[in-house]
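**Student:** 55 is the number of the first residue of the sequence shown in the numbering used here; add one for each residue after it. All C-beta atoms, glycine included, are put in the ideal place defined by N, C-alpha and C. Owing to the predicted nature of the structure, the values given are computational and were not obtained by experimental measurement.
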Amino acid sequence: MRRIYEKLRQYKSLLLGTAAVLICVAAFWVYNNRQNQTFEETVYRIFSDKIDEPVRMVLLTDLHQVTFGAGNAELIEGVRRLDPDLILIGGDMVNDQNTDVNVAVELCKGLAEIAPVYYGMGNHENVAVYGMNLYKEDLEAAGIAAGEAGDFSQLVKDDTLLRGLEECGVTVLQNTSEKIQINGNTLLIGGISTSVDGFWPYSGKFFTEFDSEGGDEYKILLSHFPSTVSRYLDDCSVDLALSGHNHGGIVRIPGLGGLISYDEGWFPENDAGKRQIGDTTLIISRGLGNHGRIPRICNKPELVVIDLF
């Protein structure tokens, strides 16, 4: 017994150090999980001579069927408190597998009571609705010829989400645009959800028309993939592009940014924040939810607020 006691004394420092580390890891894990159950607001102020009266927009992306309160009541109330003139959805509000469209539909139903809602689809919506991502190889395999207008309605396999959003009065933008009046300003809002390789072959015709339309309208493009914007929109008339997809790099490292993206790899360029691509301002949301095996770490869910002046 004495020998055991002596051994314990010998390793006392090691045991205490190990216990301290385990306690710190457990405490951080609890704290991080609690952080992920709430959301924070990031506000951007953008000035343009195309805007006569201020417009407040709220952007939600990458919810992935996560709920903040029953029926997303906390999220809806958070948006309501911000008193937006316009609500924009940047895609991936559902999951491509085990899809529960009711989460997105019920959320949008509540949001539509606050302000007009425009919904840009993401790759997870694409799979839920069309049964495929709108990547070049998928569209080629489906027999869709490159250069066509980009009307994917012939590919619809399950229209439950689309019908639900329509019944809520939500406008879905998929290679389409809408011209609207907000506070005396004319806004032209378009939406694409094709990836980098599928952009020109399958959204190019729409985007060319969108890019050349009008002149005095403030143009907003919902592009779920930020890499599409950063690669192709450096010489266009789009004023503001809004994206998500990369979940802020999933794991945020203070001073460095996001750690990883499933598309862009380690330390993705398009993780979060505001960038200038030519004359286009690109805002990338860190998103609200997550999917996959890597949890959000030091990466609190984000609700983006954009004030146009």
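Report the residue ranges of all alpha helix (DSSP H) runs contained in full by the segment 197-263; include only those spanning at least 4 residues, in chain order.
**Tutor:** Taking only runs of at least 4 residues, the alpha helix (DSSP H) segments lying wholly in the segment 197-263 are 214-221.
**Student:** Just to confirm my understanding: we take Tyr256, look at its own chain, exclude 5 residues before and 5 after, and list those with CB closer than 6 Å. What are they?
**Tutor:** For Tyr256, where only same-chain residues beyond five positions count, the Cβ hits under 6 Å are Leu193, Gly204 and Thr248.
**Student:** Evaluate Asp150 with the Cβ neighbour count: other Cβ atoms within 10 Å of its Cβ, from every protein chain shown; 16 or more gives buried, anything less gives exposed.
**Tutor:** Buried, because 16 or more other Cβ atoms sit within 10 Å of the Cβ of Asp150.
**Student:** Going by DSSP, which residues form a beta bridge with Thr96?
**Tutor:** Paired residue(s): Val358.
**Student:** What first and last residue would you give for the beta strand (DSSP E) that runs through Thr334?
**Tutor:** First-last of the beta strand (DSSP E) with Thr334: Thr334 to Ile338.
**Student:** With a CB to CB cut of under 7 Å and the five nearest residues on each side skipped, what residues in its chain are close to Ala166?
**Tutor:** Excluding positions up to five away in sequence, the list reads Cys222, Gly223 and Val224.
**Student:** State the beta-bridge partners of Lys328 as determined by DSSP.
**Tutor:** Lys328 is bridged to Ile337.
**Student:** For Ser266, count the other beta carbons within 10 Å of its own beta carbon; 16 or more makes it buried, fewer makes it exposed. Which is it?
**Tutor:** With fewer than 16 other Cβ atoms within 10 Å, it is exposed.
**Student:** Would Val292 and Leu310 qualify as a contact pair, given that the criterion is a beta-carbon distance under 8 Å?
**Tutor:** No, they are not a contact pair.
**Student:** Could you give the residue range of the alpha helix (DSSP H) that holds Arg285?
**Tutor:** From DSSP, the alpha helix (DSSP H) with Arg285 extends over Pro280 to Tyr286.
**Student:** What's the C-alpha gap between Asn300 and Gly238?
**Tutor:** Rounded to the nearest angstrom, the two C-alpha atoms are 34 Å apart.
**Student:** Just verifying my parser: in three-state terms, what is the DSSP assignment at Ala169?
**Tutor:** Looking at Ala169 - three-state DSSP - the assignment turns out to be coil, as it is neither helix nor strand.
**Student:** Taking the Cβ atom as the reference point for each residue, do Ile304 and Ile337 lie within a distance shorter than 8 Å?
**Tutor:** No, these two residues do not count as a Cβ contact at 8 Å.
**Student:** Kindly indicate which three-state DSSP category Arg306 falls into: helix, strand or coil?
**Tutor:** Arg306 falls in the strand class under three-state DSSP.
**Student:** In the DSSP assignment, what are the bridge partners of Lys273?
**Tutor:** Answer is Leu242, bridged to Lys273.
**Student:** Any idea which residues DSSP pairs Leu140 with across the strands?
**Tutor:** Paired residues: Met111.
**Student:** My output table needs one value for Leu294: the three-state DSSP class, helix, strand or coil.
**Tutor:** Three-state result, Leu294: strand.
**Student:** By the 10 Å Cβ neighbour count, where 16 or more other Cβ atoms means buried, how is Asp333 classified, buried or exposed?
**Tutor:** That one is exposed.
**Student:** Can the beta-carbon of Val171 be found closer than 8 Å to that of Ile143?
**Tutor:** A contact, by the Cβ cut-off of 8 Å.
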